[in-house]
Each structure stands twice: as C-alpha cells, then as structure tokens.
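Undergrad: Here it is, the structure, as structure tokens.
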Amino acid sequence: MELPSQCAMLRIFFGEDDRSADGRPLHEAIVIKARETGMAGATVLRGPLGFGRSSVLHTAKILRLSQDLPIIVEIIDAPEKIDALIPQIKALTRNCLITREKVEVIRYGDED
Amino acid sequence: MELPSQCAMLRIFFGEDDRSADGRPLHEAIVIKARETGMAGATVLRGPLGFGRSSVLHTAKILRLSQDLPIIVEIIDAPEKIDALIPQIKALTRNCLITREKVEVIRYGDED
Amino acid sequence: MELPSQCAMLRIFFGEDDRSADGRPLHEAIVIKARETGMAGATVLRGPLGFGRSSVLHTAKILRLSQDLPIIVEIIDAPEKIDALIPQIKALTRNCLITREKVEVIRYGDED
C-alpha cells in the first residue's frame with residue numbers, strides 16, 4: 068500500500084461519551100470503520116479539557132463533567148479515499164465537528 | 068450557530084505549569100476565554116514529552132521535570148473570529164507558540 | 068531565536084513500542100534529535116487507540132494490544148530547517164507515517 072504525496076487529513080471532534088448507533092464508543096466505531104474501509108491509518112487523541120457545539124465544558128477535574136472528555140480522531144489517506152469515507156463518517160456520527168486539511172506525505176511505512 | 072466551510076484553526080503550545088495572570092492554569096484560562104467569546108469549540112491536548120522556546124525538555128519520566136508537560140489548545144472558527152481572538156490570546160499568554168492553519172469544515176453539529 | 072511567519076509542521080506517526088536503532092523509545096530519540104539540531108520545539112502526543120501501516124489496532128483496552136499505543140511527534144520550524152531535518156528523521160525511523168503541513172506562526176515566545 069502506497070500513499071500519494073498530496074493527501075488529506077480528516078479530523079473528527081466529539082466527546083468521549085458519544086456512542087455509535089449500536090452503542091459502541093464512537094471513537095472505536097470510527098477507527099474500526101476506517102480500518103474496514105482500508106484507510107492508511109487512524110489515530111485517536113483524548114484531551115483533558117474542551118468544549119464543542121453543545122458548549123459544555125468537558126474537563127477531567129472533579130466536580131465538573133468528568134466523563135465526556137474531548138476526543139479527536141485523525142485519518143490520513145489519498146483525497147479521494149477521504150472523500151469516499153466522509154459520508155460513512157457522517158452516517159456514524161451526529162453532534163460533532165469534522166474538518167479536512169491538506170497534508171503532504173513524506174514517508175509512509177518503509178519506503179523513502 | 069453555523070460555521071463556514073473555510074475556517075481557521077488556532078493552536079497554542081505551552082507547558083502545563085504555565086498560568087494566566089490571575090494564577091489559573093493557562094489551558095483553562097484559554098478555554099474559558101474561547102467559550103466566553105463565543106468560539107465554536109476548543110480542545111486541549113496534553114503530551115508526555117516535549118520542548119519549546121525555553122528548550123527545557125518536558126517529560127513525564129521520573130527524575131526529569133515531571134510537572135511541565137506540553138499542552139496544545141486548538142480552537143477552530145471562522146477566520147475573522149479567530150483573528151479577533153488572537154489579541155486576547157496574546158494578552159493571556161507570554162512564552163508560547165501560536166500557529167494558525169486553514170481547515171475546511173465538513174460538518175459542525177448535526178447539519179449535513 | 069525567531070521564527071518566520073510561514074513555517075512548516077512535521078508530524079511523525081508511529082507506535083509507542085517503536086525504538087530507535089540504539090534501543091531508545093522512538094519518540095524520545097526524535098525529540099532529542101529535534102533539540103540537538105536546534106529546532107524551535109517538539110511535542111509528543113499519545114493516543115488511546117489507532118492503527119497504521121501494519122494495520123494493527125493499537126488500543127489501551129485490556130485484552131487487546133496495550134503496549135503499542137499511537138504516538139504523534141510534532142515539530143514546527145522554518146521550512147528549510149524542517150527540510151534539513153527530514154533525512155535525519157528518516158534515518159531514525161522505519162515503519163512510520165511522516166507528514167508535512169504549512170502553518171502560520173502568530174507568536175513564538177514573548178515577541179508580538
């Protein structure tokens with residue numbers, strides 16, 4: 068598997084409590100979907116504080132909402148593969164932010 | 068609240084020990100400022116290792132500086148809202164790196 | 068030390084178990100290389116779940132691979148310094164994804 072030098076990065080922002088329709092943690096559902104559809108890779112990041120569309124302040128601190136910390140899932144692949152993935156990610160998610168950025172791939176795997 | 072498809076992402080890099088002028092953890096102060104000023108969202112990420120302008124190697128390892136791990140705060144909104152926020156973030160911070168990137172918003176909240 | 072307003076961000080994706088040739092955790096080796104070569108900064112992020120070229124699903128969950136969580140190292144500097152660093156990062160790493168993005172530097176350190 069190779070990646071072109073001009074790729075796209077999809078980033079999906081939501082809360083740790085968010086679930087897919089079948090009750091699975093949303094970040095797991097997204098990563099599994101990315102793998103099933105043959106994407107080059109996916110990375111989940113979890114932060115200690117944040118807020119999103121609901122304007123709830125997610126935080127790890129005691130006495131605040133401790134269970135819904137911010138999650139970002141990053142998926143990088145060829146632009147057309149990312150474009151094909153977007154409707155599937157939209158079908159999987161509801162209240163989230165999805166962004167797309169251009170990235171240049173310098174290396175993927177062992178090749179130079 | 069809606070977001071245009073062409074947005075900007077502000078990223079602010081500093082150390083976990085950094086405080087705002089009123090003694091609050093800087094990442095909290097930035098996230099609260101972002102919410103007060105009506106930004107679409109903010110996400111804090113914390114890493115296990117890093118260094119910045121001071122060239123101190125932040126690390127979670129025992130026997131090194133364990134208290135000043137790297138923090139990134141990400142804020143995404145319309146370019147003019149990000150531009151209006153920048154002076155306020157500058158006023159809140161001192162020794163940090165602030166970057167700005169273009170991002171395309173694919174979805175924000177429930178809308179398609 | 069100053070940074071130009073147009074900088075580049077290098078991001079290196081791999082697993083927490085990856086080591087440099089001398090047996091050091093790869094993220095440490097990369098951060099130390101970045102500091103030795105005078106880069107403006109480096110930040111390590113570690114995620115709870117992900118997969119990459121090997122298609123192994125890295126996860127923090129019990130009963131799955133718990134030891135090879137995804138790592139991202141981000142390095143930001145002037146484009147020509149990033150370009151000069153790339154061969155050194157390639158020499159240090161094998162099975163990883165390396166991307167490059169343009170970022171605008173709004174502030175670096177104390178200056179306005």
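Keeping their order, the protein sequence lines are chains A, B and C. Residues are numbered in our numbering as their position in the first sequence, beginning at 1, plus a constant of 67. Residues are numbered in our numbering as their position in the second sequence, beginning at 1, plus a constant of 67. Residues are numbered in our numbering as their position in the third sequence, beginning at 1, plus a constant of 67. Cβ coordinates follow ideal geometry from the N, Cα and C atoms, glycine included. Source: prediction; values computed, not measured.
1) Select from I139(C), A158(C), E171(C) the residue whose C-alpha is nearest the C-alpha of H94(C).
2) Using a Cβ-Cβ cut-off of 7 Å (strictly less than) and excluding sequence neighbours within five positions of T166(C), which residues of its own chain qualify?
3) Which of the three DSSP states is assigned to A75(A) in this structure?
4) I need the straight-line Cα distance from R120(A) to Y175(A), nearest angstrom please.
5) Please identify, using Cβ separations under 9 Å, the residues of the segment 143-170 of chain C that lie next to chain A, in order along the chain.
6) Give me, in chain order, the residues of the same chain whose beta-carbon lies closer than 6 Å to that of P71(C); leave out the 5 immediate sequence neighbours on both sides.
7) Nearest-angstrom Cα distance between R86(B) and E141(C)?
8) What is the residue span of the alpha helix (DSSP H) that L152(C) lies within?
9) Can you look up L136(B) in the DSSP assignment and give me helix, strand or coil?
10) How about D150(C) and A75(C): do their beta carbons lie closer than 9 Å?
11) Could you name the residues of the same chain whose beta carbon sits closer than 7 Å to that of G114(C), not counting the 5 residues immediately before and after it, in chain order?
12) Report the partner residues of G176(C) according to the DSSP bridge assignment.
13) Taking 9 Å as the CB-CB cut-off, is I139(B) touching chain C?
14) Provide the residue(s) that pair with K169(A) in DSSP beta bridges, ordered along the chain.
15) With a 10 Å radius around its C-beta and 16 neighbouring C-beta atoms as the bar for buried, classify I147(C) as buried or exposed.
16) What does I173(C) touch in chain B if you count any residue whose Cβ is under 7 Å from its own?
17) Is DSSP giving R91(B) helix, strand or coil here?
TA: Inspection of the coordinates gives the following:
1) As a working mapping, residue 94(C) is identified with position 27 in the third sequence. That would be I139(C), whose Cα lies nearest to the Cα of H94(C).
2) In the third sequence, counting from the first residue as 1, residue 166(C) sits at position 99. Only R78 meet the Cβ criterion.
3) Here residue 75(A) refers to the residue found at position 8 of the first sequence. If DSSP states are grouped into helix, strand and coil, A75(A) belongs with the strands.
4) As a position in the first sequence, residue 120(A) is number 53, starting the count at 1. As a position in the first sequence, residue 175(A) is number 108, starting the count at 1. Taking the straight line joining both Cα atoms gives about 34 Å.
5) Listed in sequence order: I153, I156, K157, T160, R161, N162, C163, L164, I165, T166, R167, E168, K169.
6) As a position in the third sequence, residue 71(C) is number 4, starting the count at 1. So the qualifying residues of the chain are A145.
7) To locate residue 86(B), count along the second sequence from 1; it is residue 19. To locate residue 141(C), count along the third sequence from 1; it is residue 74. Rounded to whole angstroms, R86(B) to E141(C) spans 23 Å at the Cα level.
8) Start at 1 with the first residue of the third sequence, and residue 152(C) comes out as number 85. Looking at the DSSP string, the run of the alpha helix (DSSP H) that includes L152(C) is 146-159.
9) Numbered from 1 along the second sequence, position 69 holds the residue referred to as residue 136(B). For L136(B), the secondary structure class from DSSP, reduced to helix, strand or coil, is coil.
10) Taking the first residue of the third sequence as 1, we reach residue 150(C) at position 83. Taking the first residue of the third sequence as 1, we reach residue 75(C) at position 8. In contact: D150(C) and A75(C) (Cβ atoms closer than 9 Å).
11) Numbered from 1 along the third sequence, position 47 holds the residue referred to as residue 114(C). For G114(C), where only same-chain residues beyond five positions count, the Cβ hits under 7 Å are L136, P137.
12) Along the third sequence, one-based indexing puts residue 176(C) at 109. C163(B).
13) Position 72 of the second sequence, counted from the first residue, corresponds to residue 139(B). For I139(B), the answer is yes, since a Cβ of chain C falls inside 9 Å of its Cβ.
14) Numbered from its first residue, the first sequence carries residue 169(A) at position 102. BP columns for K169(A) point to A75(A).
15) For the purposes of this step, residue 147(C) is taken as the residue at position 80 of the third sequence. For clarity, residue 147(C) is Glu in the given sequence; the question names Ile instead. E147(C) counts as exposed, since fewer than 16 other beta carbons sit within 10 angstroms of its beta carbon.
16) As a working note, residue 173(C) is residue 106 in the third sequence. In chain order: I153, I165, T166, R167.
17) On the second sequence, residue 91(B) is found 24 positions in, with the first residue counted as 1. Three-state DSSP puts R91(B) in coil, outside helix and strand.
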